[in-house]
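Peer 1: Input: one structure, supplied below.
In structure tokens:
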């Protein structure tokens, strides 16, 4: 599924939507320890997190992630938003908790089957 | 010889035996010359430890181990108690919640004779609603030292939480654990960062378990700052 379709269906709020929104999403990863995300996330994953520090943009770029979704309506730090614009990293938010967002992503990306 | 990161009975996760007098006696037994008192998000026992240890000729630097919004632990060390208390007021203003002793443990405020003078009601194990950079800026504006606590540890360490050291972060040093050699740390984090080791003691027996030796003129914070920078003949010995 393309990220733009995913964002629509999940009703995500864009903070930085300039970039590769037609990218085909390979899956998702949920985590707030950046060292763990660097170790275990996969290319073109959507990343669900509550961290808003600008290092998240660098991790997304380094791991070639599809997009970052901030949970609990968190807003990116000013430096994070600026860096995401510079690097064309897709940065969205949701009012869902990490659990709910992850569950909805799992359902969408696995056609509703567990 | 300095141990710049010890807790007291104010930290809910520390042993009750970590009282000012007993800390001072243990530090003397271990031949420590400088102690950094860094309780979680609070400096309320720093004055009592400074008084108790001062009588034994040990210099105490008042400080705190601050939890930033990203849940990164930063040591803040000051020359003067007033600066530490001003930092504490700033952190308290950004620290939500009340401690539940039955869950986290008691947060005992003590005097220099080991008398209990009160209990801190704040939830000291919580994270302050301040970003890492904001914490570091507030330490430095009070002429304090900002050091990434147990930087190589996964939980609450700078590298574990944020993956790598944010560009331009104005830290004075990295505190590394015994698991990492100095050479490994230099390779991993770059040669530019001054490295210190300290015990992060939560129990008496752990005080001085890891230390840093400095070549200083006097036991003062400004001297340690010079040693970290390798300025004026001051330096880190080991």
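Residue numbers (our numbering), protein chains in the order written: chain A, 1 to 114; chain B, 1001 to 1238.
Heads up, the beta-carbon is just placed ideally off N, CA and C, and yes, glycines get one too.
1) At a CB-CB cut-off below 9 Å, which residues of chain A make contact with residue 1154 of chain B?
2) Please decide whether residue 1070 of chain B counts as near chain A, where near means a Cβ-Cβ distance under 8 Å.
3) In the DSSP assignment, find the unbroken alpha helix (DSSP H) run with residue 1139 of chain B in it and report its ends.
4) In terms of DSSP beta bridges, what is residue 1098 of chain B paired with?
5) May I have the straight-line CA-CA distance separating residue 1250 of chain B from residue 1188 of chain B, to the nearest angstrom?
6) Can you confirm whether the region 1019-1027 of chain B touches the region 1112-1131 of chain B when touching is taken to mean that 3 or more C-beta pairs between the two stretches lie within less than 8 Å?
7) My understanding is that residue 1207 of chain B touches residue 1175 of chain B, with C-beta atoms under 8 Å, so please give their C-beta distance in whole angstroms.
8) Cα separation between residue 100 of chain A and residue 1048 of chain B?
9) Which whole-angstrom value describes the C-beta separation of residue 3 of chain A and residue 71 of chain A, a residue pair presumed to lie in contact below a C-beta threshold of 8 Å?
10) So, does the CB of residue 86 of chain A fall closer than 8 Å to a CB anywhere in chain B?
11) From the beta carbon of residue 1174 of chain B, is the nearest beta carbon of chain A less than 8 Å away?
12) Find the nearest neighbour of residue 1177 of chain B within the set B:1091, B:1227, B:1154 and B:1171, judged by alpha-carbon distance.
13) Whole angstroms are fine: how far does the CA of residue 62 of chain A sit from the CA of residue 1185 of chain B?
14) Does DSSP put residue 49 of chain A in a helix, in a strand, or in coil?
15) How many whole angstroms separate the CB atoms of residue 1130 of chain B and residue 1099 of chain B, which I take to be in contact at a CB cut-off of 8 Å?
16) Identify whether residue 99 of chain A lies in helix, strand or coil by the three-state DSSP scheme.
17) Less than 8 Å between the C-beta atoms of residue 1046 of chain B and residue 1057 of chain B, yes or no?
18) Which residues, taken in chain order from the region 1163-1194 of chain B, show a beta carbon closer than 8 Å to some beta carbon of chain A?
19) I believe residue 1127 of chain B touches residue 1084 of chain B by the beta-carbon criterion, under 8 Å. Please report the beta-carbon distance rounded to the nearest angstrom.
20) Is DSSP giving residue 1160 of chain B helix, strand or coil here?
21) Can the beta-carbon of residue 54 of chain A be found closer than 8 Å to that of residue 1166 of chain B?
22) Figure out for me which residue from B:1182, B:1004 and B:1201 has the closest Cα to the Cα of residue 1193 of chain B.
23) May I ask you to report which of helix, strand or coil DSSP gives residue 1266 of chain B?
24) Do the CB positions of residue 52 of chain A and residue 82 of chain A come within less than 8 Å of each other?
25) Check each candidate in A:66, A:84, A:94 and A:17 and name the one with the smallest Cα separation from residue 24 of chain A.
26) Should the region 1067-1080 of chain B be called in touch with the region 1145-1161 of chain B, which here means at least 3 C-beta pairs below 8 Å?
Peer 2: Well, looking at it:
1) 33, 35 and 36
2) yes
3) 1132-1140
4) B:1122
5) Beyond the ends of chain B as shown, which are 1001 and 1238, falls residue 1250 of chain B; an answer cannot be given.
6) yes
7) The pair is not a contact, with the Cβ atoms about 15 Å apart (cut-off 8 Å).
8) 48 Å
9) So it is not a contact: roughly 17 Å between Cβ atoms.
10) no
11) no
12) B:1154
13) 22 Å
14) strand
15) Contact doesn't hold; Cβ gap of about 19 Å is too wide.
16) helix
17) no
18) 1163, 1164 and 1166
19) Incorrect: roughly 19 Å between the Cβ atoms, too far for contact.
20) helix
21) yes
22) B:1182
23) Past the boundaries of the shown model lies residue 1266 of chain B; chain B is included only from 1001 to 1238, so the question cannot be answered.
24) no
25) A:66
26) yes
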